[in-house]
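Residue numbers (our numbering): 12 to 257. We put the CB at the ideal spot given by N, CA and C, even for glycine.
Structure representation (structure tokens):
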């Protein structure tokens, strides 16, 4: 058996998320259907670095699976791309050790969240940016970003529907916002993320950017360990799983 590591990109607009579910189109199901066809009807299970919610996109999602087939990397890409729907693209393939695990070996993930700040929306970016018109104080948001860095209990930034039973301690390696023309891009890197964590962080930063409260209050929100005191959850469609490192 060989273990294959795939890096994939997908447009999450018309998916009910990454993970297979009873009702709804998912990224995992689409890939497994194609792999099962390639394996002549033998079901092939894939394992990802983590799940993404409905509407969330990925530039560098990573999956692995085991196979008896002896196919070169370039042929794997051609075979899958000829059968996958156009909103999933395989960007890299490599054979890895059978000890590699796409989920458990992750040391860092990077998410990016795009916000469009101009007054009118952009029809061509509507599925990939959150339209949030109005003036935002970038220096206040940048100051607040710094307070997220480090190891914290992020209970205040965990969605209420989370299935996580253990601790909610995570480490943020970097958190910043970058202005690019009429967009602000939030870039967050960490060793792991809770359910809706990035979207709640972004929602909180946007409220700080609007002056609803000061940057220093981030520390109070973290300390509270209470979802009710953090900002709103930013919509899914502005979020991209950018890169996974091992």
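{"Check": "Run through DSSP, which three-state label would residue 213 get?", "Outcome": "helix"}
{"Check": "Once DSSP output is grouped into helix, strand and coil, what is the label at residue 248?", "Outcome": "helix"}
{"Check": "Write down the C-beta distance between residue 14 and residue 25 rounded to the nearest angstrom, noting that I regard them as a contact closer than 8 Å.", "Outcome": "About 30 Å separates the two Cβ atoms, so there is no contact after all."}
{"Check": "Spell out a yes or no on whether the region 39-47 and the region 92-109 are touching, meaning 3 or more CB-CB pairs, one atom from each, closer than 8 Å.", "Outcome": "yes"}
{"Check": "Measuring CB atoms only, is the region 135-142 touching the region 174-190, in the sense that at least three cross pairs come out at less than 8 Å?", "Outcome": "no"}
{"Check": "Can you tell me where the beta strand (DSSP E) holding residue 230 begins and where it ends?", "Outcome": "Looking at the DSSP string, residue 230 is not in any beta strand (DSSP E); the run it does join, the alpha helix (DSSP H), is 228-235."}
{"Check": "Determine, using beta carbons only, whether residue 55 and residue 47 come nearer to each other than 9 Å.", "Outcome": "yes"}
{"Check": "Near residue 149, what residues of its chain come up, given a Cβ to Cβ distance below 8 Å and the 5 sequence neighbours on each side ignored?", "Outcome": "188, 190, 195 and 220"}
{"Check": "By Cβ distance, which residues of its chain are closer than 6 Å to residue 249, with the 5 residues on each side in sequence left out?", "Outcome": "124, 125, 140 and 141"}
{"Check": "Please report the Cβ distance between residue 254 and residue 121, rounded to the nearest whole angstrom; I am assuming they are in contact, meaning their Cβ atoms lie under 8 Å.", "Outcome": "4 Å"}
{"Check": "Inspect the beta-carbon positions of residue 77 and residue 12 and report whether they are closer than 9 Å.", "Outcome": "yes"}
{"Check": "Could you tell me the boundaries of the alpha helix (DSSP H) in which residue 189 lies?", "Outcome": "Taken as a continuous stretch (DSSP letters only), residue 189 belongs to no alpha helix (DSSP H), being part of the beta strand (DSSP E) at 180-191."}
{"Check": "Counting only the same chain and skipping the five closest in sequence on each side, list residues whose C-beta sits under 8 Å from that of residue 164.", "Outcome": "178, 179, 180, 233 and 236"}
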